[in-house]
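>
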Amino acid sequence: MLGNDSALSLQGLTVAYDHKPVLWDVDLQVPVGVLMGVVGPNGAGKSTLLKAVLGILSPLAGSIQVFGQPHSMQRKQIGYVPQRSSVDWDFPTTVLDLVMMGTYGRLGWLRRPGAAEREAARHALDRVQMADLADRQIGELSGGQQQRAFLARAFVQDAPLLLMDEPFAGVDATTEQTLIDLMHELRQQGKTLVVVHHDLTTVTEYFDQVALLNRKVIGAGRVSTTFKTELLEKTYGGSLSQCRVAGQPMSMPDAESAEGRRDRDNDV
Amino acid sequence: MFDLLTDYTFQTVLLGTMMIGAVSGALGCFAYLRRQSLIGDVVSHSSLFGVMLFFLASYALTGEGSKSLVVLIPGAIAAGTAALLLTRTLVRRTRLKEDSGLGVMLALFFGAGIVLLRWVQRTDPAIPGRRGLQDYLFGMAAAMTQDDLWMIATLGGLAVLVMLLLWKELKLFTFDPVFSHSLGYRSTLLDTLLIMILVVGIVIGIQSVGVVLMIALLVTPASAARQWTRQLGTMVMLAALMGAVCGLIGSVASALYANVPTGPVIVLSATLIFVVSLLFAPRRGVVSRIGRRRKLIASQAVASSGRSAP
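Chains as they are written, first to last, in the numbering used here: chain C, 130 to 397; chain G, 4 to 313.
1) So what does DSSP say about C:Thr223, is it helix, strand or coil?
2) Would you say C:Arg240 reaches chain G, if we count a Cβ-Cβ gap shorter than 9 Å as a contact?
3) Against C:Pro221, what residues of chain G qualify as contacts under a CB-to-CB distance less than 7 Å, listed in chain order?
4) Are the Cβ atoms of C:Leu152 and C:Pro211 separated by less than 9 Å?
5) Any beta-carbon of chain C closer than 9 Å to the one on G:Glu67?
6) Report the neighbours of C:Ile207 on chain G: residues whose CB is nearer than 8 Å to its CB, in chain order.
7) When the Cα of G:Leu7 is compared with those of G:Leu259, G:Val305 and G:Ser308, which residue comes out closest?
8) For G:Val73 and chain C, any beta-carbon pair shorter than 9 Å?
9) Determine whether the Cβ of G:Tyr188 lies closer than 9 Å to any Cβ atom of chain C.
10) Determine the direct distance from the alpha carbon of G:Leu41 to that of C:Asp287, and round the result to whole angstroms.
11) Listed from N- to C-terminal order along the chain, which residues in the stretch 174-199 of chain C have their beta-carbon within a distance smaller than 8 Å of any beta-carbon of chain G?
12) For the stretch 246-266 of chain C against the stretch 203-215 of chain G, are there 3 or more C-beta pairs whose distance is under 8 Å?
13) Does DSSP put C:Pro150 in a helix, in a strand, or in coil?
14) Under the rule that 16 or more other beta-carbon atoms within 10 Å means buried, what is G:Val118, buried or exposed?
15) Kindly confirm or deny that the stretch 150-166 of chain G and the stretch 20-40 of chain G touch, where touching means at least three C-beta pairs closer than 8 Å.
16) So for G:Pro313, helix, strand or coil by DSSP?
17) Shorter than 9 Å from the beta carbon of C:Asp261 to some beta carbon of chain G?
18) Looking at the C-beta of G:Leu59, does it have a partner C-beta in chain C at a distance below 9 Å?
19) What whole-angstrom Cβ distance do C:Ser138 and C:Gln194 have, given they're in contact under 8 Å?
20) In its own chain, which residues sit with a C-beta less than 7 Å from the C-beta of G:Ala145, not counting the 5 before and 5 after it?
21) Taking CB distances under 9 Å as the criterion, tell me whether G:Glu101 reaches chain C.
22) Anyone know if the C-beta pair for G:Leu87 and G:Ala225 falls short of 9 Å?
23) With contact counted as at least three CB pairs below 8 Å, one residue from each stretch, are the stretch 185-198 of chain G and the stretch 227-237 of chain G in contact?
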C-alpha cells in the first residue's frame, strides 16, 4: 500500500496564507531511513511544508501521513529543528534548560522534568560537543553553537522523523561539518531526515535524496537522478549558470546570493 | 509612623498593595518576554469602562453604586477582555496591524470610560456611592477594604497558581511557540491562559495603582529583574519581590499623605529600582559594561606597547 514504507507521505497538499496559495497540490514520498534535502527558490514554500507536517499550519486540502498514519496522531514521531532566527536568544535560560525542552513532548502536561531528563539533555549536549557549555546562558552562544544546541534538543526528542529548517544558515564551516556528520550518524541509526537547504553546491555531497520545490514538487528522488540541470532550471525559473562541482556538471542560481535568500526566506 | 503599623486598616492596605506588586511583578515577566506590554496597557485602560458599567449596574439594582472590588473587578475583566477580542477580530478581518488595532481599542474603551465617569460625577441628583470613583484613574490604596483584600488575594493567588502549575509549558511557549506547538501543546490554549492570568494581574491593581499607571507595575519590575539574572525562575521571583517593595512604599505614602494618589508613588519607586538595575547590575548593567570596555582598551594598550618596544 502506498505510504506504508514511507516515513512521510504527502498527497495533494495545498496550503494557503489568507487567499495566497504557498503550496499547490504537493505529492511527496520520503522513504524510511533517507536524508532528504528540500531545495527551491525564495518563497517556494519550503518552511511552509515543514510547518504543515508539524501541524502548525492547517492545509486547505490534501493529506499528510507520517509512518502510515495521519500526522495529527503522530506528533511524538516528529522531531523539529527550527530556524535559528525564529527565537529570541536573549531569553533568560541556560543551554541545558533549552535542550531539556526536547523532553517536554514525552512528559506531557503538568509533569516536571527530573533527573532522567537532565541526564538525557547532558548526553545530547555531549554528542554535539557542547557538554562544557551546559550551564551557559543561551545568549552567550555563537551561531554555530546555537544551531548545535537546537540539534541536541532534537536528539532528546528521539523521534524517528526529523524535520530541519535550514540548519546550515549562518554557521561556520567547522560547525557545518559537525552538523552533517551528526546527520549522517542519525541516518545510520535508521532515522529519516528532511532538511530544508539552500546551498545547491553541497546537495550531492550531503543528501541521498532531494526534493525540488517551487509551490509544487518539480522533482523528487535520488540525488543522482533528480538533481539535474533541466529540473533545476524548471525549479528556479531558468536563471541558472553552469558550474562544476566534484567533476560533475551542475548548476546553481546566480540571481541571488545564498545569504540574501536566507534572510528573506525566514518568514515563509 | 509607628501607630501605622498597628493600625488594622493600614495592615489591610499594606498586605493588599504588596500582593498586587508581587503578582503583577511575577506575571509581568511573561508580558515582558513576549513583548506584550501594549496588550497589558490596553487591558488596564479599558478596564475603566467596565468599572463604570458595573458601578452603574449595581446602582440600578440596589439604589447605591458599589465600589467594592468584588463588583468592579468582574467589570474590569469583562471590558479588558472585550477590548482584546475586538482587536483580534479587527486585525483578522482587516489589514490593520496589531499595535494600531490595540491603540484604537485603548482609545475607544478608555474614552468611553472617561465619558461615563464624568457623567456619573455630574448627575443631579447625585448617584449614591460615586465619591472616590475618580481615584480609579491614578489609584488610592487607602480605599481598600477587607472585602477588596480577599478579592485581590483570591484572584492573584489563582493566577500565580496557574503560572506555577504550568511553569514548564508557559516557559516553553514563551521561548519557542512553534516548537511548543510541534510537541503537541496547543498554542491557542496556552496563549489564552497567559493572557487571562495577565488580565487578572492587571485588574487587581486598578484600585490601588489606577488604570492609567498599572502597566508600569507590570513591566517595570520585570525589566529591572531581567538585568540581574539569567534564569527565568530567578527573574520572576526578583520581579515579584521588587513589585512587593513598590507596593509597600505606595501604601505607606497613601497612609501618610491623604491626598497623594498611590499610583504615581508606586510607579516612581518602580522606576527608581529600574534605573538602579540598569546602571549597576553585573554583566548587563551600564557601569559594568563600561568597566569591561575600559579593561579591554587598557589591555590592548599594554599589548601594543609591548610589541612596539625596541
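Heads up, the beta-carbon is just placed ideally off N, CA and C, and yes, glycines get one too. Just so we're clear, the structure is a prediction, and the values are computed from it rather than from any experiment.
Let me spell this out:
1) strand
2) yes
3) Arg229, Thr232, Arg233, Gln234, Leu235 and Met238
4) no
5) no
6) Ser185
7) G:Leu259
8) no
9) yes
10) 39 Å
11) Lys180, Leu183, Gly184 and Ile185
12) no
13) strand
14) exposed
15) yes
16) Note that G:Pro313 scores a pLDDT of 49, beneath 50, so its modelled location is shaky and nothing firm can be said.
17) no
18) no
19) 4 Å
20) Val16, Ser257 and Ala258
21) no
22) no
23) no
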